[in-house]
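Numbering (the working numbering), first residue to last: 28 to 414. All remarks here apply to the structure that follows.
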């Protein structure tokens with residue numbers, strides 16, 4: 028080994044002292060940080076989280092909420108709906124081919140009369156945070172078709188229909204539990220109220236009190252099914268028929284003859300800031316955004332801006348702005364004819380015919396139309412389920 032490769036004792040000692048000095052300086056710094064270099068980056072990430080996810084400011088609107096929906100778009104079911112060999116289409120019925128005038132028709136007035144409610148009240152429900160809109164929309168449709176049947180002379184007592192029964196029946200009895208989480212289909216609801224089950228009133232049935240709508244019960248029953256004693260009552264009161272509507276012309280003819288339409292689509296009605304749509308000066312909401320949602324068409328207006336009145340299930344304060352006419356249900360808003368056409372063309376919206384409802388004394392009431400004397404509609408038993 029050469030002399031250059033060897034360190035003399037003096038040089039070796041100098042290096043040893045330098046190493047000790049370096050350790051005295053560096054070691055306290057390292058120990059002072061905790062455990063290595065992992066802590067500092069972790070502290071930075073915590074700061075970044077607080078910056079990126081700030082605490083939301085309190086809403087200025089008392090009715091601000093996460094918009095609950097619940098319509099499930101199923102291409103296979105829609106394909107079956109559009110097949111006239113498997114589903115009755117409204118245009119195939121006598122009502123769908125009827126020649127009608129241009130009267131304004133307000134089916135909600137028949138509901139108020141049948142329910143004996145003042146102009147300031149309406150028996151609509153608020154689905155809360157549960158995605159049971161299909162059940163709520165079908166309930167509103169069945170409430171309406173009972174009332175229009177009574178208006179034409181049917182002898183039974185009007186009773187509000189349970190959302191929970193329709194919703195759970197559509198999901199479990201028809202859908203066989205296919206959907207995980209909330210939601211249902213328009214066809215499933217119509218199959219349940221017409222062929223598989225029926226409708227149950229909002230009253231006490233055995234040990235079950237359905238007097239007040241419960242979103243929590245809708246979710247519970249939608250997961251496990253309807254109690255047997257309630258299901259037995261529903262089967263006694265089936266809806267006579269349902270027919271697919273595919274155009275605004277179908278909607279107009281249906282409503283003009285007393286048939287409400289349960290509409291299922293993904294057309295939304297948001298304001299520009301993303302909040303729930305506010306009615307304009309004429310009572311209309313502008314289509315914007317996406318709502319996979321079910322609602323119910325319960326009136327038609329003509330004139331310079333024809334359209335349909337859409338009853339929502341988000342409560343009376345969801346949509347602000349003017350109403351027309353003055354007795355319009357506050358949970359509803361008007362939709363332009365072209366928008367209604369776009370909604371029903373999605374293939375899962377149905378007109379409902381009369382309900383074989385709760386027998387009672389004959390209580391005739393006036394038909395509800397704003398202008399001319401109404402055209403006589405075909406008998407309400409002209410629809411039949413083709414399922």
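Glycine is no exception: its CB is placed at the ideal position from the N, C-alpha and C atoms.
Query raised in the report: Secondary structure at residue 318, three-state DSSP: helix, strand or coil?
Result: strand
Query raised in the report: Between residue 320 and the rest of its own chain, which residues show a CB-CB distance below 6 Å, the 5 nearest in sequence each way excluded?
Result: 96, 98 and 160
Query raised in the report: Any idea what DSSP makes of residue 200, helix, strand or coil?
Result: helix
Report task. Just grab the DSSP bridge partners of residue 328 for me. Result -> 334
Query raised in the report: Short check: CB of residue 380 to CB of residue 267, under 9 Å?
Result: yes
**Report entry** Where the alpha helix (DSSP H) containing residue 290 begins and where it ends
**Finding:** Not the alpha helix (DSSP H): residue 290 falls in the beta strand (DSSP E), residues 288 to 294.
Query - For residue 231: DSSP bridge partner residues - result: 236
Query raised in the report: Got a sec? Which residues, its chain only, sit under 6 Å from residue 364 by beta carbon, not counting five neighbours each side?
Result: 275, 333 and 334
**Report entry** Alpha carbon of residue 125 to alpha carbon of residue 134, nearest angstrom
**Finding:** 18 Å
**Report entry** Local Cβ density within 10 Å of residue 158, reported as buried at 16 or more and exposed below that
**Finding:** buried
Query raised in the report: Counting Cβ pairs closer than 8 Å, one from the stretch 149 to 156 and one from the stretch 301 to 318, do we hit at least three?
Result: no
Requested in this report: May I ask you to report which of helix, strand or coil DSSP gives residue 161?
Outcome: helix
**Report entry** Selected residue, minimal CA-CA separation from residue 113, among 214, 207, 239 and 310
**Finding:** 214
Query raised in the report: Given that a residue counts as buried once 16 or more other Cβ atoms are within 10 Å of its Cβ, and exposed if not, what is residue 171?
Result: buried
Query raised in the report: Is it true that the CB of residue 174 sits closer than 9 Å to the CB of residue 194?
Result: no
Query - Near the ligand GTP: residue 112 beta-carbon under 8 Å from a heavy atom - result: You won't find the ligand GTP in this model; it holds no ligand whatsoever.
Requested in this report: Would you mind giving the Cβ-Cβ distance between residue 209 and residue 246, rounded to the nearest angstrom? I have them listed as a contact below 8 Å.
Outcome: 7 Å
Query raised in the report: In whole angstroms, what separates the C-alpha of residue 192 from that of residue 265?
Result: 12 Å
Report task. List the whole-angstrom C-beta distance separating residue 2 from residue 310, where the pair is believed to meet the contact cut-off of C-beta under 8 Å. Result -> Nothing can be reported for residue 2: it is not among the residues displayed for the chain, which extend from 28 to 414.
Query raised in the report: Exposed or buried, what is residue 120 when buried is set at 16 or more other beta-carbons lying within 10 Å of its beta-carbon?
Result: buried
Query raised in the report: For the 8 Å Cβ check, are there 3 or more pairs between the stretch 282 to 296 and the stretch 227 to 236?
Result: no
Query raised in the report: What is the DSSP secondary structure of residue 146, counted as helix, strand or coil?
Result: coil
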